[in-house]
Amino acid sequence: MTTAPSAFGTDLRPLFCLEEASLHLNHGSYGATPRLVLEAQRDWRDRMEAEPSRFMEFEFRPALRAAAARLAPYVGARADDLAMVENPTQAVNAILRSLDLKPGDRILINDQTYGAVRNTVRFVCTMTGAEIAEWTLPFPAESPQQALSAFETALAQSKPRLAIIDHVTSPTALALPVEAMTAAARDAGALVLVDGAHAPGMMGLDIEALGADWYTGTCHKWLFAAKGCAFLWAGPRVIDRLHPAVISHGYLNGFHEEFDWVGTRDGSAQQSLPAALDFVDRFGVEAIRTHNHALAMAAGRRLSAAWGTEMGQPESMVGSMVMVRLPDGYGTGFETARDLRLRLLREDRIQTRVNPLAGGLYVRVSSQIYNHIGEIDALADAVLAKRPNA
Ligand SMILES: Cc1ncc(COP(=O)(O)O)c(C=O)c1O
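When you line the sequence shown up against full-length UniProt numbering, it's residues 1 to 390, in that order.
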């Protein structure tokens, strides 16, 4: 039975371990795991330690496969095409290191590509002589069409071998028109990797229909899994050529054999994924998404009204996170952004992100089922109280 969405908000805080009297408006960075899921994770660890050899040799991999099977319908994929990995950085490393990149091949990224992904691209380019092509994703964003047009121009100019597309950008929380971008990249003859770190649980997903070659997403952000639970999907053009970044016993024994065993490790975050999906089902994935989107939009409107500024994106590019510009005078650089974030944390116990963008500072607010609009008002006031020379 699902719980009515009206139950969302403060009443749900006790289901999580979040510190009392803190305002957690940064779910997007690392998620927050419900107590029940952590208990299920502990059970998996206990099971492992009760008989380590039996568990590692006979139970570890079937439990990963069971997690993939449970995840499959939530992301629109076949379990056979899903590998469980710990995070998207591992997935991107596997993909890029499996490609036979050659001098002159171009990899298309943008100025908001996640830092770890960008570094992995830099690394493989240094190793192979391939080149990085970078396009500028407009921010503040006006429309999905604007992002698509800029991407199409970049495709035409760079003719990449591989295009990396964010489903939701990290520094700017833009939900991109990933279907149209994937189609454009394929039409341009590129392989397509979609970095969907934020998408599962935040956006409706039909990975198979998307037509990309690889898709990676986390379960520990918006699907409530324990930290270290993510997946890598591979399509028919590439699945046979894909290897994990860590080569182990399963080398050349097929996709699952290779990815399910990358050396002895604790797989409990992935093995307890079914408990996280039980938690999602208790409320309904649609109801969670709808609540989070509505709260993000309410946050965007309240904060921009309180600060006399603008949101960083239109509603059609908002998932469960929103960007709002701070008033002038708060600075423009990384140092001032960091200082403000730390002051909010120390003086007001508000956890959020502050990013330097477009010649000013923007706050990125994440909304999750334990948040409520009163917390947004507290953030609005706390920022105003720190107004330089106020
Ligand atoms: C766009 C994007 N890609 C990838 C990642 C993955 O980071 P990690 O592998 O450190 O979990 C994130 C994390 O927030 C992200 O926002």
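Every residue, glycine too, gets a C-beta built ideally from N, C-alpha and C.
Judged by their CB atoms, residue 343 and residue 21 are not nearer to each other than the 8 Å cut-off. At least one heavy atom of ligand 1 lies closer than 7 Å to the C-beta of residue 87.
Restricting attention to beta strand (DSSP E) runs no shorter than 3 residues, the stretch 98-167 encloses them at 106-110, 131-135, 162-166, ordered along the chain. DSSP places residue 307 inside the alpha helix (DSSP H), whose first and last residues are 285-307. It is roughly 9 Å from the alpha-carbon of residue 158 to the alpha-carbon of residue 132. Within the stretch 12-99, complete beta strand (DSSP E) segments of at least 3 residues are found at 82-85, given in chain order. Spanning the alpha carbons of residue 268 and residue 64 requires a straight line of approximately 9 Å. Checking the 7 Å criterion, the Cβ of residue 240 is out of range of every heavy atom belonging to ligand 1. Approximately 7 Å separates the beta-carbon atoms of residue 383 and residue 326; this is inside 8 Å, confirming the contact.
Within the model, the alpha-carbon separation for residue 47 versus residue 138 is close to 50 Å.
Under a 10 Å Cβ-count criterion, residue 252 is classified as exposed, with fewer than 16 other Cβ atoms of the shown protein chains found around its own Cβ. Note: residue 382 is not bridge-paired with any residue in the DSSP secondary-structure output. For residue 346, the enclosing alpha helix (DSSP H) covers residues 334-348. Residue pairing by DSSP places residue 279 in no beta bridge whatsoever.
Taking 8 Å as the cut-off, the Cβ atoms of residue 165 and residue 178 count as close. Within the same chain, and ignoring the five residues on either side of residue 329 in sequence, the residues whose Cβ sits closer than 6 Å to its Cβ are 388. For ligand 1, no non-hydrogen atom lies closer than 7 Å to the CB of residue 173.
Here residue 217 is not near residue 234, since their CB atoms are 8 Å or more apart. The residue from 289, 254, 230, 248 with its alpha-carbon nearest to that of residue 241 is 254. Between residue 345 and residue 354 a beta carbon distance of about 10 Å is seen, past the 8 Å cut, so the two are scored as non-contacting.
Spanning the alpha carbons of residue 307 and residue 214 requires a straight line of approximately 41 Å.
About 16 Å separates the CB atoms of residue 210 and residue 91; that is not less than 8 Å, and the two are not in contact. Burial check for residue 127: the Cβ neighbour count within 10 Å stays below 16, so the residue is exposed. By the neighbour-count criterion, in which 16 or more other beta carbons inside 10 Å mark a residue as buried, residue 258 falls on the buried side. In the DSSP assignment, residue 238 falls outside any alpha helix (DSSP H) and carries neither an H nor an E. Contact annotation: residue 369 and residue 299 have beta-carbon atoms that are not nearer than 8 Å. Residue 94 and residue 79 do not touch by the CB rule: their CB atoms are close to 18 Å apart, not below 8 Å. Assigned with DSSP and collapsed to three states, residue 255 falls in helix. Spanning the alpha carbons of residue 191 and residue 104 requires a straight line of approximately 15 Å. The secondary-structure analysis by DSSP pairs residue 362 across a beta bridge with 325, 355.
Approximately 6 Å separates the beta-carbon atoms of residue 324 and residue 309; this is inside 8 Å, confirming the contact.
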